[in-house]
Amino acid sequence: MNDDDDAERLLAAVRAVRRGTRAVGGGPLRQGLTGAQTELLRLLRREPGISVGEAARRLALAGNTVSTLVRQLVENGHVVREPDPDDARTARLRLTAATDDALREWRDRRHAAVAGALAAMDPALRAQVDGTVDLLEAVAAALEGDA
């Protein structure tokens, strides 16, 4: 095997895991969302109160792209913009309560599916998961360094 083969296997495995969790977990909301909208919602769940600029940096997207996503999500009732008490030019972003609940339930369904798959594995294979996650985190960090 060479680096190209390893890269292809890694990407194929990640796609398969994502497909599997999508099949079990469904989407985060009944209404269809784009991948970018979903990533922004997940970020806002982890970091409520961030600004558009902070979100753009975390997602490695242009500020105007995130502004468009925020506008769409506000119009659809998923996000609220609140004025920053220290800077009138800045808005702070938060999920609506209903969207926060839906994202939590979606995460719980996906986590349960993965936990079930891990529990069903041969113990020797299961023991490799920690090292594999460390590897994936290192690859992600290296890729973020290139961005």
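For the working numbering, add 218 to where a residue sits in the sequence shown, where the first one is 1.
Ideal Cβ positions, reconstructed from N, Cα and C, are used throughout, including at glycine.
As the structure is a prediction and not an experimental result, all values here were calculated from the model.
- Note on Leu-287: 16 or more other CB atoms within 10 angstroms of its CB, so buried under the neighbour-count rule.
- Nearest in C-alpha terms to Gly-271, of all of Arg-264, Arg-263 and Ala-280, is Ala-280.
- Residue range 305–313 is occupied by the beta strand (DSSP E) that includes Thr-308.
- Residue state for Pro-341 is assigned as helix, using DSSP reduced to three classes.
- Excluding its 5 nearest sequence neighbours in each direction, Pro-266 has C-beta neighbours in its own chain below 6 Å: Arg-312, listed in chain order.
- In terms of Cβ geometry, His-296 and Thr-308 do not form a close pair [threshold 8 Å].
- Here DSSP, grouped into helix, strand and coil, assigns Glu-257 to helix.
- With contacts defined as CB atoms closer than 8 Å, Asp-318 and Arg-264 fail to qualify as a contacting pair.
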